[in-house]
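Q: I have a structure I would like to understand better, so I am pasting it below and will then ask my questions one at a time.
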Amino acid sequence: MRNRDRDPLRPAFERPRRLTRLRVFASVRDRRKGFLIAGGAAFPCALGRAGIGMLKREGDGRTPRADLPLRSVLFRADRIGRPLSLLPLRIIAARDAWCDDVADRRYNRLIDRPPGEAEERLTRDDHLYDVIVELGWNDAPVIRGRGSAIFWHLARPGFTPTAGCVAVERHVFSKVLPRLARHCVMLVR
553 MRNRDRDPLR PAFERPRRLT RLRVFASVRD RRKGFLIAGG AAFPCALGRA
603 GIGMLKREGD GRTPRADLPL RSVLFRADRI GRPLSLLPLR IIAARDAWCD
653 DVADRRYNRL IDRPPGEAEE RLTRDDHLYD VIVELGWNDA PVIRGRGSAI
703 FWHLARPGFT PTAGCVAVER HVFSKVLPRL ARHCVMLVR
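Take 553 as the starting number for the sequence shown in this note's numbering and just add one per residue.
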């Protein structure tokens, strides 16, 4: 049976619109916790141990207050399936690390390091880095000491604070990643 009320100029089936912005803000009760808003949905998240801040320095525990482009998705293929996303995808290898050494010319970059040599190993025993979205912080250009390895990753139980990242529960990634536009931005306020 034909639906006579349907607008003939509108397709019968519409995909949900891609998300071009995610918003993150701190809770009024605890600045180390907050909410990630994706479309009309709100999800609890963990923030840096020093909350959200304007001035970011390496190791200060602040989540930077900024518009952070989503650069790529890195994931542990041995722990989760390939995420659905329009963002570039990369499997985390055993030697992958993120350089947080301000004296290294590769500061704030994904690097190849033998086990034990890097502080920010991407292959962790816990599950925090089973899926990571690289956020565009201090990368165009890189300024040494302004902070590195700002990720959107999995949260610890109880949403304990991060070192400056944004962390959510696993199910949030399966709901949000497929809806992200290729040039999505996380607005941290």
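Even for Gly, the Cβ is constructed at its ideal location relative to N, Cα and C.
Quick check on DSSP: helix, strand or coil for residue 608?
A: By one-based count along the sequence shown, residue 608 stands at place 56. DSSP places residue 608 in coil when its eight states are reduced to three.
Q: Under 8 angstroms by Cβ, that's how I've got residue 713 and residue 584 pegged, so tell me the actual separation to the nearest angstrom.
A: Taking the sequence shown and counting its residues from 1, one reaches residue 713 at position 161. Taking the sequence shown and counting its residues from 1, one reaches residue 584 at position 32. Yes, they are in contact, since the Cβ atoms of residue 713 and residue 584 sit about 4 angstroms apart, within 8 angstroms.
Q: Identify which residue in 738, 672, 648, 633 has its Cα closest to the Cα of residue 726.
A: Position 174 of the sequence shown, counted from the start, is the residue given in the question as residue 726. If we check each option's Cα against that of residue 726, 633 comes out closest.
Q: Going straight from the alpha carbon of residue 575 to that of residue 724, what length do you get?
A: As a working mapping, residue 575 is identified with position 23 in the sequence shown. As a working mapping, residue 724 is identified with position 172 in the sequence shown. When rounded, the separation of the alpha-carbon atoms in residue 575 and residue 724 is 14 angstroms.
Q: Going by DSSP, what residue range makes up the alpha helix (DSSP H) through residue 725?
A: One-based indexing of the sequence shown puts residue 725 at position 173. Residues 722-728.
Q: Relative to the alpha-carbon of residue 627, which residue among 651, 675, 718 has its alpha-carbon at the smallest distance?
A: Taking the sequence shown and counting its residues from 1, the one referred to as residue 627 is at position 75. Nearest of 651, 675, 718 to residue 627, Cα basis: 675.
Q: DSSP beta-bridge partners for residue 627?
A: In the sequence shown, residue 627 corresponds to position 75, counting from 1. Partner residues in the beta bridge of residue 627, as assigned by DSSP, are 643, 683.
Q: Where DSSP assigns a beta bridge to residue 589, which residues make up the other side?
A: Taking the first residue of the sequence shown as position 1, residue 589 is located at position 37. BP columns for residue 589 point to 575, 594.
Q: Let me know the secondary structure DSSP gives residue 731 once reduced to three states.
A: Taking the sequence shown and counting its residues from 1, one reaches residue 731 at position 179. Three-state DSSP puts residue 731 in a helix.
Q: Please classify residue 671 as buried or exposed, where buried requires at least 16 other C-beta atoms within 10 Å of its C-beta.
A: For the purposes of this step, residue 671 is taken as the residue at position 119 of the sequence shown. It is exposed - the Cβ of residue 671 has fewer than 16 other Cβ atoms within 10 Å.
Q: Cα separation between residue 595 and residue 664?
A: Here residue 595 is taken as the residue at index 43 of the sequence shown, counted from 1. Here residue 664 is taken as the residue at index 112 of the sequence shown, counted from 1. If I take the Cα positions, the gap works out to 33 angstroms.
Q: What residues are listed by DSSP as bridge partners for residue 689?
A: The sequence position of residue 689 within the sequence shown is 137, counting from 1. For residue 689, which the question treats as bridged, DSSP gives no partner whatsoever.
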